[in-house]
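The sequence shown maps to residues 1 to 306 in full-length UniProt numbering.
For reference, the structure discussed in these notes is given below.
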Amino acid sequence: MKNRKVIPHPYIKERLLAEGMDALKGKRYKEAYTYFTQLQQFNLNDDDVDMALVVCLFEMGRIKEAKEKCEQLLARGTGDWTIYISMLVHLQQYDEVIAVIQTLQQKGIDCTSLLPLLHFSEKMVRSHQEQKKKQYEAIFESDQWTAQLHVLQQLERNVVLHLVPMFVRYLRDETNHPAVKTTILQTLKKEQVTKQMTVKKFGQTMTVVPAYLDERKQEQFSEQVLHIVDQTWAKQNPTMYEWSKQIWIRYMFMIYPFLPEQPVQQWADALHIYVQQCENGEMICTHPLVAKLYEVEKLWLSVESI
Numbered sequence: 001m002k003n004r005k006v007i008p009h010p011y012i013k014e015r016l017l018a019e020g021m022d023a024l025k026g027k028r029y030k031e032a033y034t035y036f037t038q039l040q041q042f043n044l045n046d047d048d049v050d051m052a053l054v055v056c057l058f059e060m061g062r063i064k065e066a067k068e069k070c071e072q073l074l075a076r077g078t079g080d081w082t083i084y085i086s087m088l089v090h091l092q093q094y095d096e097v098i099a100v101i102q103t104l105q106q107k108g109i110d111c112t113s114l115l116p117l118l119h120f121s122e123k124m125v126r127s128h129q130e131q132k133k134k135q136y137e138a139i140f141e142s143d144q145w146t147a148q149l150h151v152l153q154q155l156e157r158n159v160v161l162h163l164v165p166m167f168v169r170y171l172r173d174e175t176n177h178p179a180v181k182t183t184i185l186q187t188l189k190k191e192q193v194t195k196q197m198t199v200k201k202f203g204q205t206m207t208v209v210p211a212y213l214d215e216r217k218q219e220q221f222s223e224q225v226l227h228i229v230d231q232t233w234a235k236q237n238p239t240m241y242e243w244s245k246q247i248w249i250r251y252m253f254m255i256y257p258f259l260p261e262q263p264v265q266q267w268a269d270a271l272h273i274y275v276q277q278c279e280n281g282e283m284i285c286t287h288p289l290v291a292k293l294y295e296v297e298k299l300w301l302s303v304e305s306i
């Protein structure tokens, strides 16, 4: 049998709409939802029906579906901002509540009725930030540097700026992990933090402003060392060269923002000795620069085991 197009009864829209609105007023949301979806199936829905579906979904606990549908309506120039913002509050998306209301205000829309939700959301955001700040401070005041690295990998910009005083304390403490310090500096540089701070690593001290850190000198030094190593190993033993390269990149990462004090050639020689000793399974740290490579590589291996 061929599929036939179902033609709805001429008065079905009025009946389904009346039944749906009656159920909605009576807070029988599942029943109302059934009537409104039938209108959709017959392509008899309009903006009011679509908005009623949003309300039904919301009251039935299908908040994310309601939010998505409401966003579609708002994109079409219909929908209800108050209902949408109420859903955001219910989903605890307070940052989004603030952003939406501020956008509406910028467009000249009267948001007087939404101000209580705006103030509530701002309060909740501040409370959440303060709670997070205390959690992060507890982590960075401990010796759980693996947890510290995990935190740094997921920090949002607004949180980073609130944690600057904590990072200042961390960087000036010689006992804290150098890999975490490097990651902190990279994070602060990315966020263009202009506060002056002291960094202590491997017995050295430097005063820096993260936003103005220039990595070119470190990159040039690193490339010069690798160029010498390249001339030594690249052709005769490519594997040893790649190994040396990775060790050197890790070393420079760990000592950042400091530069090695000894000349390039001495570091290339030390790297050559270190890699040969590793290959032979013996570690004799009579060479001071080899000892430094060994110390830093040991710290790096602890990072890789995370």
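No residue lacks a Cβ here, since even glycine has one placed at the ideal position from N, Cα and C.
Predicted model, so just to flag it, every value in this text is computed and none were measured.
Flag this pair as yes or no: are the beta carbons of residue i and residue j separated by less than 7 Å?
i, j, result
"V180", "L149", "yes"
"C56", "Y33", "yes"
"F67", "M87", "In the sequence under discussion, the amino acid at residue 67 is Lys, which differs from the Phe named in the question. Yes, the Cβ-Cβ distance between K67 and M87 is below 7 Å."
"M60", "Y29", "yes"
"A211", "V229", "no"
"L271", "S244", "yes"
"I109", "L91", "no"
"Q220", "L259", "no"
"F36", "V49", "yes"
"E137", "V160", "no"
"S121", "V100", "no"
"L39", "L16", "yes"
Note the first and the last residue of the continuous alpha helix (DSSP H) segment covering residue i.
i, result
"T286", "T286 -> no alpha helix (DSSP H), and no H or E assigned at all."
"K217", "216-233"
"V264", "264-280"
"M21", "12-25"
"P165", "164-171"
"D50", "47-59"
Tell me whether residue i is buried or exposed, calling it buried when 16 or more other Cβ atoms sit within 10 Å of its Cβ.
i, result
"V209", "exposed"
"A23", "buried"
"P257", "buried"
"M206", "exposed"
"N176", "buried"
"Q102", "exposed"
"L115", "exposed"
"V6", "Reliability of the predicted coordinates at V6 is poor, the pLDDT of 46 falling under 50, and the value obtained from them is presented with this limitation in mind. Exposed: under 16 other Cβ atoms inside 10 Å."
"A18", "exposed"
"L118", "buried"
"L289", "buried"
Could you say which of the options lies nearest to residue i if we only look at CA atoms?
i, options, result
"Q129", "K13, L155, E141", "L155"
"Q265", "E279, C278, E242, T232", "T232"
"V125", "L39, V89, L299", "V89"
"Q153", "Y241, F42, T182", "T182"
"R172", "K132, V160, E261, L185", "L185"
"P165", "P178, T146, E174, L188", "L188"
"V275", "Q262, E297, K123", "E297"
"K133", "V168, H162, G20", "H162"
"E279", "H287, I83, M240", "M240"
"A75", "D47, Y94, D95", "D47"
"H287", "T146, A268, T78", "A268"
"N43", "N158, I255, K13, I273", "K13"
"S127", "Y94, G79, E261, K25", "Y94"
"S142", "G281, Q41, T112, Y170", "Y170"
"Q246", "P263, Q262, E261, E223", "E223"
"S113", "G20, K123, D80", "D80"
State the start and end residues of the unbroken beta strand (DSSP E) segment that holds residue i.
i, result
"M206", "204-208"
"T198", "197-201"
Check: Taking contact to mean at least 3 C-beta pairs separated by less than 8 Å, is the region 240-259 in contact with the region 292-306?
Finding: Result yes; three or more Cβ-Cβ pairs closer than 8 Å.
Check: Touch check for the region 230-248 and the region 193-201: three-plus C-beta pairs under 8 Å?
Finding: Cβ pair count under 8 Å is below three, so no.
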